[in-house]
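Protein chains in written order, with this note's numbering: chain A, 3 to 116; chain B, 18 to 131.
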């Protein structure tokens, strides 16, 4: 988890509220990935960025989800409005374009929508 | 497109017994393969990876994996399980899209009994 800081660690919100998840990279990297993990679906890739540019957002489940990466060290994932089925653990991870590098994951944000 | 299949969502072993977690992959090109471990309430941590060269790869905590191209497998083993090995393990394959995205298996929960 070193170098990838996610906040908050836990978030409980009411249905319909806006939720913003944050990811900070201690050192800039080429690529940043957002994943969602649930018991039913496992790890799902939501979106990834390269050099701050969104490359593939086909995994974003609905228009209620949006992500930004304003600079090489910071990204947000926003859900508006939130729904109970969005409850999951959301991870961000850093990587590089070179094959074989792999990812370094943050500790995740556990989101509960009631 | 790459894919990963992990056989067995749960594997139970006794402390001191051999650990074997199975992973088969599908890839149209020589793959880069990874094993990650996830402890409760934590992010995924890299255990080991295969890129090129020696097909037997050693990782942290006494784990190793062998790449077998003829069997399209990358099984994870450890000679003697420890209670602290109880966690969820994910196999992943890297693609060659230029952004090195990882495709993860569904995960295998390793349970270790005294």
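The beta carbon of each residue, even a glycine, is placed where N, CA and C say it ideally should be.
Length of the line joining the Cα atoms of residue i and residue j
{"i": "residue 40 of chain B", "j": "residue 124 of chain B", "result": "10 Å"}
{"i": "residue 110 of chain A", "j": "residue 94 of chain A", "result": "7 Å"}
{"i": "residue 74 of chain B", "j": "residue 64 of chain B", "result": "10 Å"}
{"i": "residue 119 of chain B", "j": "residue 86 of chain A", "result": "28 Å"}
{"i": "residue 68 of chain A", "j": "residue 36 of chain A", "result": "11 Å"}
{"i": "residue 23 of chain A", "j": "residue 86 of chain B", "result": "40 Å"}
{"i": "residue 127 of chain B", "j": "residue 100 of chain B", "result": "10 Å"}
{"i": "residue 45 of chain A", "j": "residue 104 of chain A", "result": "15 Å"}
{"i": "residue 76 of chain A", "j": "residue 63 of chain A", "result": "22 Å"}
{"i": "residue 7 of chain A", "j": "residue 26 of chain A", "result": "5 Å"}
{"i": "residue 25 of chain B", "j": "residue 78 of chain A", "result": "35 Å"}
{"i": "residue 42 of chain A", "j": "residue 90 of chain A", "result": "10 Å"}
{"i": "residue 32 of chain A", "j": "residue 49 of chain A", "result": "14 Å"}
{"i": "residue 22 of chain B", "j": "residue 80 of chain B", "result": "19 Å"}
{"i": "residue 38 of chain A", "j": "residue 47 of chain A", "result": "7 Å"}
{"i": "residue 53 of chain A", "j": "residue 60 of chain A", "result": "18 Å"}
Residue-level contact to chain B via CB, residue i, 8 Å cutoff
{"i": "residue 92 of chain A", "result": "no"}
{"i": "residue 101 of chain A", "result": "yes"}
{"i": "residue 109 of chain A", "result": "yes"}
{"i": "residue 18 of chain A", "result": "no"}
{"i": "residue 79 of chain A", "result": "no"}
{"i": "residue 44 of chain A", "result": "yes"}
{"i": "residue 61 of chain A", "result": "no"}
{"i": "residue 47 of chain A", "result": "yes"}
{"i": "residue 104 of chain A", "result": "yes"}
{"i": "residue 97 of chain A", "result": "yes"}
Neighbour flag for residue i against chain A, beta carbons, 8 Å
{"i": "residue 19 of chain B", "result": "no"}
{"i": "residue 124 of chain B", "result": "yes"}
{"i": "residue 121 of chain B", "result": "yes"}
{"i": "residue 49 of chain B", "result": "yes"}
{"i": "residue 60 of chain B", "result": "yes"}
{"i": "residue 111 of chain B", "result": "yes"}
{"i": "residue 130 of chain B", "result": "no"}
{"i": "residue 118 of chain B", "result": "yes"}
{"i": "residue 95 of chain B", "result": "no"}
{"i": "residue 66 of chain B", "result": "yes"}
{"i": "residue 38 of chain B", "result": "no"}
{"i": "residue 63 of chain B", "result": "yes"}
The ligand SAM heavy atom lying under 7 Å from the CB of residue i
{"i": "residue 38 of chain B", "result": "This structure does not include the ligand SAM; it has no bound ligands of any sort."}
Nearest-angstrom beta carbon gap, residue j and residue i [assumed within contact, 8 Å]
{"i": "residue 89 of chain B", "j": "residue 43 of chain B", "result": "7 Å"}
(message) Report the start-end ranges of each beta strand (DSSP E) in the stretch 48-119 of chain B that is 3 residues or longer and not cut off at the edges.
(response) 49-55, 61-67, 73-75, 81-85, 90-95 and 104-111
(message) Whether or not the stretch 45-52 of chain B and the stretch 96-112 of chain B are in contact is what I'm after, with contact meaning three or more pairs of Cβ atoms, one per stretch, closer than 8 Å; do they touch?
(response) yes
(request) Give a yes or no on contact between the stretch 22-42 of chain B and the stretch 86-95 of chain B, applying the rule of three or more CB pairs nearer than 8 Å. (result) yes
(message) So within the stretch 67-104 of chain A, which uninterrupted beta strand (DSSP E) runs reach at least 3 residues, ignoring any that extend past its ends?
(response) 67-73, 76-81 and 90-97
(request) Could you say if the stretch 95-105 of chain A and the stretch 76-86 of chain A meet the contact criterion of at least three C-beta pairs nearer than 8 Å? (result) no
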